[in-house]
Amino acid sequence: MLLHSKSIVYSAGMSFPVFVIYNMYYIVSSSILKNNYNVKVALVNYVLLSFVMLVIVYITMMLSVIYKKPIFAAIISLLIVVFAPYTIFGVVTNDYTVIFRRNKNKEALKLATYIRSLI
């Protein structure tokens, strides 16, 4: 029981910064790409990405205890992160590209993509 509560607390601690950083990212993107910011889509993306981070950290912590060797947990977590965009979840929640689809300004798109790469 203590392990589960500890994992949930640490996972929530990791997912909160993801929520805050993506919130800031969408606000900066909306200032660059004018009239192209959908608050509802952005809010759903914040919550989903934070939840995904929570699950990945939780799985990693639990697997490191189950396998008794952190290398197995790290490999499984990396596989989850690498292959998640190719699953149905990744196709449905294509996070920042939702903002860019309707914009024809290529320079703003390049700048916003650069900002995204810094995060």
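Each step along the sequence shown adds one to the number in full-length UniProt numbering, with nothing skipped, and position 68 is 68.
Cβ atoms here follow ideal geometry from the backbone N, Cα and C, with glycine treated the same way.
As the structure is a prediction and not an experimental result, all values here were calculated from the model.
Does DSSP put residue i in a helix, in a strand, or in coil?
i	result
M1	coil
K40	helix
K69	coil
So is residue i buried or exposed if we call it buried at 16+ other beta carbons inside 10 Å?
i	result
I56	buried
S29	buried
S15	buried
S11	buried
L54	buried
M61	buried
S7	buried
Under the assumption that residue i contacts residue j (Cβ atoms under 8 Å), give the Cβ distance between them as a whole number of angstroms.
i	j	result
S77	I66	The Cβ separation is near 13 Å, so there is no contact.
F19	S50	4 Å
Legend entry - Touching by the beta-carbon criterion (3+ pairs, under 8 Å), the stretch 67-74 and the stretch 16-31: no
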